[in-house]
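Novice:
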Amino acid sequence: MLDASLRELPDATPGGRLAENIMHFARVLRRAGLPIGPGQVLEALRAVAAVGLDNREDFYWTLHAVFVNRRDQRELFDQAFHIFWRNPDILGRMMSLMLPEMGAMQDNAPKGEEMSRRLAEALNPSNNKAKEQLEDEEITLDATLTWSANEVLAKKDFEKMSSEEIRAAVAAIQRMRLPAMEVKTRRYRASLTGSRVDMRRTLRAALRGGQGYIPLMKREKRVRRPPLVILCDISGSMERYSRMLLHFLHAVTNDRDRVFTFLFGTRLTNVTRYLRYKDVDEALARCGDAVNDWSGGTRIGHSLHEFNQYWSRRVLTQGAVVLMISDGLDRDEAAGLTIEMERLHKSCRRLIWLNPLLRFEGFQPKSVGIRAILPHVDEFRTIHNLESMKELVAALSLDAPRRQGGMRMFKDEAA
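With positions in the sequence shown counted from 1, the corresponding number in the numbering used here is that position plus 3.
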């Protein structure tokens, strides 16, 4: 099949290396994390044979149509394409090119962009192994009993993780389990050690028994896990954290009942039923198909208005806990955001804001959107690594009291 696809390529010669270059490019993308198999490589060869090599832009979009299935893969593919096929005259001499050399790739990255660490490792795996061996040797010579790879991984920012570290982090996220946070409801149930006397059951027991004494039947309040509602920002500024956060949301959704997840950028999308798929890859793929505003702008006020108007009465029941995951950068300059945040805060039991920007030591609430959100949250936390996720899991197990606004809390902690 490969030989047949090679013969279909434009001006193919017996010594041509175009098919090998395309296969090598596919291997680079696969090592960088894109799900590419042999079938897609064959489809790419057939597509290039059909489109031709007369135009570089046509060649780019031909490979893009075959290898990219989700919006979060576009940036990685674009960077890999411009680095791998770095010669501007490559289309005129492609049939005579040798396999691209892996040296000096960083210098050929597009201007204004930093090469992704995953892409750098995929382009030059031999150097990565050598670096890992050097790091291991240094650790062996300089080792102390307190060194731990798990501890380093837990504190590492998702944005700076390599492909191997991302796979290890995803596996750790899938093992996370939320402790049972139970709150008392207004309903009662029978209990032997309850503090209240159940008069109805007491009278029934007295009539049935016919004895000389009346047994006291007791009751206590029912306990139940409150619903968990998650509002996650998937705009361009949150793109580097979106995939890891979706893995976390998938783990949470499959760990307990009454979990409702909404994604928002310029509009609101309910992805609760998609995250209930047991296979995480299938769940994320369906989420990608359902969301049309991935990696775009952010309209927090508009999205919260849509949630408060159409969804709050359905999901914010029985003292729901709300997790809002966003960096607070709003395209509409916080139009209507204060009103919608106040309504959301009054409708839930507890509102926790998770902001990746809080990881910076010099963080200050200078953005208009951040200043509009802060007064209406009960807790303000960072979410940028595994350690912050574990701290969030521990915080959700406690029925913490509501605070008097996040802005005052932030000022007190800063002082």
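Positions of the beta carbon are idealized from the N, C-alpha and C atoms, including for glycine. This structure is a prediction, so every number in the text was calculated from the model and none was measured.
With a 10 Å radius around its C-beta and 16 neighbouring C-beta atoms as the bar for buried, classify Trp461 as buried or exposed.
Specialist: A question about residue 461 goes unanswered here, because the residues of the chain that appear run from 4 up to 418.
Novice: Would DSSP call Trp88 helix, strand or coil?
Specialist: Trp88 falls in the coil class under three-state DSSP.
Novice: Need the endpoints of the beta strand (DSSP E) that Asn273 sits in, please.
Specialist: Segment 271–273, the beta strand (DSSP E) holding Asn273.
Novice: Specify the secondary structure class of Trp297 as computed by DSSP and reduced to three states.
Specialist: In this structure, Trp297 counts as coil in the three-state DSSP scheme.
Novice: For Ala22, does the three-state DSSP call read helix, strand or coil?
Specialist: Helix.
Novice: Looking at C-alpha atoms only, which residue of Leu195, Asp75, Ala208 is the closest neighbour of Ala35?
Specialist: The candidate whose alpha carbon is nearest that of Ala35 is Asp75.
Novice: In chain order, what residues of the same chain have a beta carbon less than 7 Å from the beta carbon of Met164, not counting five sequence neighbours either side?
Specialist: Only Ala172 meet the Cβ criterion.
Novice: Just to confirm before moving on: does the CB-CB distance between Val325 and Arg279 stay below 9 Å?
Specialist: No, Cβ-Cβ distance for Val325 and Arg279 is not below 9 Å.
Novice: So, helix, strand or coil for Val71, using DSSP?
Specialist: Val71: coil per DSSP, three-state reduction.
Novice: Give the list of continuous beta strand (DSSP E) stretches no shorter than 3 residues that lie fully inside the segment 333–381.
Specialist: Whole beta strand (DSSP E) segments, 3+ residues: 353–357.
Novice: What do you reckon, is the C-beta of Leu206 under 8 Å from a heavy atom of the ligand NAP?
Specialist: Absence of the ligand NAP is noted for the structure shown, with no ligands found whatsoever.
Novice: Rounded C-beta distance between Met327 and Leu357? I'm assuming under 8 Å.
Specialist: Contact flag correct, Cβ pair sits at about 7 Å.
Novice: Does the segment 224–232 come close enough to the segment 291–304 to have 3 or more Cβ pairs within less than 8 Å?
Specialist: Counting Cβ pairs under 8 Å, fewer than three are found: no touch.
Novice: Taking Ser400 as the reference, which of Asn273, Arg180, Gly55, Ser391 has the closest Cα?
Specialist: For Ser400, the nearest C-alpha among the options comes from Arg180.
Novice: In angstroms with no decimal places, state the Cα-to-Cα distance between Arg30 and Pro38.
Specialist: The straight-line gap from Cα to Cα measures roughly 10 Å.
Novice: Taking 6 Å as the limit between beta carbons, can you name the residues of its chain near Glu382, skipping five residues before and five after?
Specialist: Excluding residues within five positions, the ones whose Cβ falls inside 6 Å are Ile355.
Novice: Around the C-beta of Val200, are 16 or more other C-beta atoms found within 10 angstroms, so that it is buried, or is it exposed?
Specialist: Under this definition Val200 is an exposed residue.
Novice: Run through the DSSP bridge pairs and tell me what Asn188 is partnered with.
Specialist: In the sequence under discussion, the amino acid at residue 188 is Thr, which differs from the Asn named in the question. DSSP output for Thr188 lists no bridge partner at all.
Novice: Which same chain residues end up closer than 7 Å to Ser151 when comparing Cβ atoms and leaving out the 5 residues on each side of it in sequence?
Specialist: Interpretation of Ser151 is limited by its pLDDT of 49, a score under 50 that renders its predicted location unreliable; the figure taken from the coordinates is listed afterwards. Hits under 7 Å: none found.
Novice: My output table needs one value for Ser194: the three-state DSSP class, helix, strand or coil.
Specialist: Strand.
Novice: Could you tell me the distance, in whole angstroms, from the CA atom of Glu394 to the CA atom of Ile217?
Specialist: Each residue's alpha carbon lies about 51 Å from the other.
Novice: Can you tell me the Cα-Cα spacing of Ala397 and Leu389, whole angstroms?
Specialist: Going from the Cα of Ala397 to the Cα of Leu389 covers about 12 Å.
Novice: Spatial neighbours of Ala175 within its chain, please: CB distance less than 7 Å, with the 5 preceding and 5 following residues excluded, ordered by chain position.
Specialist: Correct list, in chain order: Leu389.
Novice: Can you check which of these residues, Asp236, Met247, His250, is closest to Phe265 by C-alpha distance?
Specialist: Selected option, being the one with the closest Cα: Asp236.
Novice: Given 8 Å as the limit, is there contact between the segment 366–383 and the segment 334–347, that is, 3 or more CB pairs closer than that?
Specialist: With the cut-off at 8 Å, the segment 366–383 and the segment 334–347 touch.
Novice: Can Ala293 and Tyr313 be called in contact, C-beta distance under 9 Å?
Specialist: In this structure, Tyr313 does not lie closer than 9 Å to Ala293 by Cβ.
Novice: Am I right that Leu32 and Phe70 are in contact with their C-beta atoms under 8 Å? What's the rounded C-beta distance?
Specialist: At roughly 6 Å, the Cβ-Cβ gap stays under 8 Å, so Leu32 and Phe70 are in contact.
Novice: Beta carbon of Ile421, beta carbon of Gly331: below 9 Å?
Specialist: This structure does not reach residue 421, given that the chain is present from 4 up to 418, and the question cannot be answered.
Novice: What does the Cβ neighbour count give for Ser198, buried or exposed, with the cut at 16 atoms within 10 Å?
Specialist: Per the 10 Å Cβ criterion, exposed.
Novice: Is Gly304 buried or exposed, if buried means 16 or more other CB atoms sit within 10 Å of its CB?
Specialist: Classification of Gly304: buried, given that the 10 Å Cβ count is 16 or more.
Novice: Find the nearest neighbour of Ile342 within the set Gly215, Asn311, Gly322, judged by alpha-carbon distance.
Specialist: Considering only alpha carbons, the answer is Asn311.
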